[in-house]
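*Asks:*
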Amino acid sequence: MTRKYLMAGNWKMHKTVKEAQAYVETFLPLVKEETEREIMLAPSFTALYALADLLKDTNVVLGAQNCHWEDEGAFTGEVSPKMLAELGVTYVIIGHSERRHIFGETDEVIRGKIEAALRHGLRPIMCVGETLDERVAGDTMVVLERQLREGLKGFSAADLKNLVLAYEPVWAIGTGKTATPEIAQEAHAFCRKILSDMFGDDFAQSIRILYGGSVKPENVVGLMAQTDIDGALVGGASLSPESFSRIVCFGRET
Ligand code: 13P
41 MTRKYLMAGN WKMHKTVKEA QAYVETFLPL VKEETEREIM LAPSFTALYA LADLLKDTNV
101 VLGAQNCHWE DEGAFTGEVS PKMLAELGVT YVIIGHSERR HIFGETDEVI RGKIEAALRH
161 GLRPIMCVGE TLDERVAGDT MVVLERQLRE GLKGFSAADL KNLVLAYEPV WAIGTGKTAT
221 PEIAQEAHAF CRKILSDMFG DDFAQSIRIL YGGSVKPENV VGLMAQTDID GALVGGASLS
281 PESFSRIVCF GRET
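Now the structure itself:
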């Protein structure tokens, strides 16, 4: 089974609308030959509308960093998947470790958000990953299994055909400490085994699992060479069009 690489930039809380527009103008020519890999940019909510226009008819799709689980209602400060779908957003990151750990999102909340995203035709990028304490305690696989089983409880394989998973070890996010390709591969293979157990092997083999955590132009090749790594979710190194384009086009540089 061949899975198409998804190279995804998560800008987190960076870039104004003007900065986002300037980035895209530099970035698009740098990646325009890259048609075999999917490319995604997830700006702040405030820049989505402007970027939707600039990315129309290009090889780069738009992602959002979060969404609510309801379509509308009295939820001050929240953005619904219905609003994102209207803008032409393709992917939505759900359950990022910063959402789990800073904003207290639980597996149950994450499940509701995945359900809401799918209802509006958005492709969820569900994030899982252990903290340093959990890894040191030997609990990595227990945590990953719980996040997957709880977050995906009640769905069928057909419901989840547009799901993307992202393994982001919390200790590797923004720290400059990347998981070695072997550590990442072990966690990815484990996640795929759990997906196979939950939804069958055909499903598990079809789902892309991205790696995230200090991905850079210098380490992307080794990570992407692993059997179960199908792309990258990039924070810091996606903030510069030059470095993100080198990540997107890994292995193709002359
Ligand atoms: P960094 O690439 O900055 O470590 O962030 C990873 C991440 O959290 C992407 O979602």
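The sequence shown begins at 41 in my numbering and counts up by one. In this text, a Cβ means the ideal position worked out from N, Cα and C, and glycines have one as well.
Measuring straight from C-alpha to C-alpha, what distance separates Ala-219 and Arg-186?
*Replies:* For this step, residue 219 is matched to residue 179 along the sequence shown. For this step, residue 186 is matched to residue 146 along the sequence shown. Using only the alpha carbons, I get a separation of about 21 angstroms.
*Asks:* Nearest by alpha-carbon distance to Pro-281: which of Ile-142, Gly-253, Asn-50 is it?
*Replies:* As a working note, residue 281 is residue 241 in the sequence shown. Checking every option, the nearest Cα to that of Pro-281 belongs to Asn-50.
*Asks:* Examine the Cβ distances between the stretch 123-133 and the stretch 156-176 and report whether three or more of them are shorter than 8 angstroms.
*Replies:* Enough Cβ pairs lie closer than 8 angstroms, so yes.
*Asks:* Please tell me whether Ala-48 and Leu-188 are closer than 8 angstroms, where the distance is taken between their beta carbons.
*Replies:* Within the sequence shown, residue 48 is the residue found at index 8, counting from 1. Within the sequence shown, residue 188 is the residue found at index 148, counting from 1. Against a cut-off of 8 angstroms, the Cβ pair of Leu-188 and Ala-48 comes out as no contact.
*Asks:* Can you give me the start and stop residues for the beta strand (DSSP E) that Ile-165 sits inside?
*Replies:* Walking along the sequence shown from the start, residue 165 turns up at place 125. Run containing Ile-165: 163-168, per the beta strand (DSSP E) assignment.
*Asks:* If you measure between the beta carbons of Cys-289 and Val-64, is that distance less than 8 angstroms?
*Replies:* On the sequence shown, position 249 is the one that residue 289 refers to. On the sequence shown, position 24 is the one that residue 64 refers to. Against a cut-off of 8 angstroms, the Cβ pair of Val-64 and Cys-289 comes out as no contact.
*Asks:* With DSSP as the reference, label Arg-186 as helix, strand or coil.
*Replies:* Translated into the one-based positions of the sequence shown, residue 186 becomes position 146. In this structure, Arg-186 counts as helix in the three-state DSSP scheme.
*Asks:* With 16 other CB atoms within 10 Å as the buried threshold, where does Gly-178 fall?
*Replies:* The residue given as residue 178 occupies position 138 in the sequence shown. Per the 10 Å Cβ criterion, exposed.
*Asks:* Just grab the DSSP bridge partners of Leu-273 for me.
*Replies:* Residue numbering aside, residue 273 sits at position 233 when the sequence shown is read from its first letter. BP columns for Leu-273 point to Ala-48, Gly-252.
*Asks:* In chain order, what residues of the same chain have a beta carbon less than 8 angstroms from the beta carbon of His-141, not counting five sequence neighbours either side?
*Replies:* As a working note, residue 141 is residue 101 in the sequence shown. Once the five neighbours on either side are set aside, the close Cβ partners of His-141 are Thr-171, Val-210.
*Asks:* Kindly indicate the opening and closing residues of the alpha helix (DSSP H) around Ile-154.
*Replies:* Here residue 154 is taken as the residue at index 114 of the sequence shown, counted from 1. Start and end: 147-159.
*Asks:* Let's see if you can read the secondary structure: which residues bound the beta strand (DSSP E) around Val-119?
*Replies:* Taking the sequence shown and counting its residues from 1, one reaches residue 119 at position 79. Unbroken run through Val-119: none, as it is neither H nor E.
*Asks:* When you compare only the Cα positions, how much space is there between Tyr-89 and Leu-127?
*Replies:* In the sequence shown, residue 89 corresponds to position 49, counting from 1. In the sequence shown, residue 127 corresponds to position 87, counting from 1. Approximately 6 angstroms between the Cα atoms of the pair.
*Asks:* Out of Glu-138, Phe-230, Val-100, Glu-155, state which residue places its alpha-carbon closest to the alpha-carbon of Glu-76.
*Replies:* Position 36 of the sequence shown holds residue 76. Of the candidates Glu-138, Phe-230, Val-100, Glu-155, the one whose C-alpha sits nearest the C-alpha of Glu-76 is Val-100.
*Asks:* Please work out which residues of its chain come closer than 6 angstroms, Cβ to Cβ, to Asn-202, disregarding the five sequence neighbours upstream and downstream, and give them in chain order.
*Replies:* Within the sequence shown, the letter at position 162 stands for residue 202. Excluding positions up to five away in sequence, the list reads Arg-163.
*Asks:* Verify whether the separation of the beta carbon atoms of Gly-302 and Met-123 is less than 8 angstroms.
*Replies:* Since the displayed the chain opens at 41 and closes at 294, residue 302 lies outside it and no answer follows.
*Asks:* In the DSSP output, what is Ile-134 paired with across the bridge?
*Replies:* The count along the sequence shown starts at 1 and reaches residue 134 at position 94. The partner list for Ile-134 (beta bridge, DSSP) reads Met-166.
*Asks:* Have a look at Ile-247, Gly-191, Cys-107 and flag the residue whose alpha-carbon is nearest the alpha-carbon of Glu-148.
*Replies:* As a position in the sequence shown, residue 148 is number 108, starting the count at 1. For the residues Ile-247, Gly-191, Cys-107, the minimum Cα distance to Glu-148 belongs to Gly-191.
*Asks:* At a cut-off of 7 angstroms, would you count Gly-275 as near ligand 1, judging by its Cβ distance to the nearest heavy atom?
*Replies:* Stepping through the sequence shown from its first residue, residue 275 is reached at position 235. True, at least one ligand heavy atom lies under 7 angstroms from that Cβ.
*Asks:* With a threshold of 7 angstroms, establish whether the CB of Gly-252 neighbours any heavy atom of ligand 1.
*Replies:* For the purposes of this step, residue 252 is identified with residue 212 of the sequence shown, where counting begins at 1. Yes - ligand 1 has a heavy atom lying nearer than 7 angstroms to the Cβ of Gly-252.
*Asks:* For Asp-270, tell me which candidate among Leu-279, Val-204, Ile-223, Ala-87 has the shortest Cα-Cα distance.
*Replies:* The residue labelled residue 270 in the question sits at position 230 within the sequence shown. The shortest C-alpha separation from Asp-270 is found at Val-204.
*Asks:* Hey, would you say the C-beta of His-54 is under 7 angstroms away from at least one heavy atom of ligand 1?
*Replies:* Taking the sequence shown and counting its residues from 1, one reaches residue 54 at position 14. No, since every heavy atom of ligand 1 falls outside the 7 angstroms radius drawn around the Cβ of His-54.
*Asks:* Please report the straight-line C-alpha distance between His-160 and Pro-121, rounded to a whole angstrom.
*Replies:* If you number the sequence shown from 1, residue 160 lands on position 120. If you number the sequence shown from 1, residue 121 lands on position 81. When rounded, the distance between both Cα atoms is 6 angstroms.
*Asks:* Could you check which residue in Thr-98, Gln-105, Asp-268 has the C-alpha nearest to that of Glu-78?
*Replies:* Within the sequence shown, numbered from 1, the residue matching residue 78 stands at position 38. Glu-78 has its Cα closest to that of Thr-98, out of Thr-98, Gln-105, Asp-268.
*Asks:* Inspect the beta-carbon positions of Leu-46 and Arg-248 and report whether they are closer than 8 angstroms.
*Replies:* Along the sequence shown, one-based indexing puts residue 46 at 6. Along the sequence shown, one-based indexing puts residue 248 at 208. Yes; because the gap between Cβ atoms is below 8 angstroms, this pair is in contact.
*Asks:* Taking 8 angstroms as the threshold (C-beta atoms), are Leu-158 and Asp-199 in contact?
*Replies:* Residue 199 sits at position 159 when you count from the first residue of the sequence shown. Residue 158 sits at position 118 when you count from the first residue of the sequence shown. Yes, the pair counts as a contact, with Cβ atoms nearer than the cut-off.
*Asks:* Determine the extent of the beta strand (DSSP E) in which Met-53 is found, giving its start and end residues.
*Replies:* As a first step, residue 53 must be located in the sequence shown, where it is residue number 13. Neither: Met-53 is in no beta strand (DSSP E) and is coded neither H nor E.
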